[in-house]
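Below is one structure, written out as structure tokens, with a few remarks after it.
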Amino acid sequence: MQQRALLALLLGETLRRCSTTLGPARSTLRRWRHWLAMRHEVFALHLRSHFPEFGRAVDPAAFWSACCAQMPLAAVMAWLDRQLAVP
């Protein structure tokens, strides 16, 4: 659910619509989006160094869409957790 919500938000879906269709409160969705946005540059740097195909994405939405097309968000975060200290 978190992966679907984050991708929808990154692709321009509103908080209200995501909340209505997926279930989490708007404040939760906002927090998830903010958390990812604040860490995008660091996460993207490490993921691109290991997965060069992600380097072709030009913006955060395209980058995370490419990542999630290759592996689930949970697997991406687990990989990052092994490489970095993911809060």
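Just so we're aligned, residue 55 is where the sequence shown starts under this note's numbering, counting upward by one. The C-beta atom is built at its ideal place from N, Cα and C for all residues, glycine as well.
Which listed residue (Gln124, Leu64, Arg58) has its alpha carbon closest to that of Arg102: The sequence position of residue 102 within the sequence shown is 48, counting from 1. Checked all of Gln124, Leu64, Arg58; the closest Cα to Arg102 is Gln124.
Pro114 - DSSP class collapsed to helix/strand/coil: To locate residue 114, count along the sequence shown from 1; it is residue 60. The answer is helix: DSSP assigns Pro114 an H, G or I state.
Environment of Ala59 [buried if 16+ CB atoms lie within 10 Å]: The count along the sequence shown starts at 1 and reaches residue 59 at position 5. Buried.
C-beta atoms of Ala128 and Ser119 nearer than 9 angstroms: Numbered from its first residue, the sequence shown carries residue 128 at position 74. Numbered from its first residue, the sequence shown carries residue 119 at position 65. No. Outside cutoff.
Close Cβ partners of Leu76 (< 7 angstroms) along its chain, the five nearest in sequence each way excluded: What you label residue 76 is simply residue 22 of the sequence shown in a count that begins at 1. Shown here for Leu76: same chain residues with a beta carbon closer than 7 angstroms to its own, the five before and five after excluded, namely Met55, Arg58, Ala59 in chain order.
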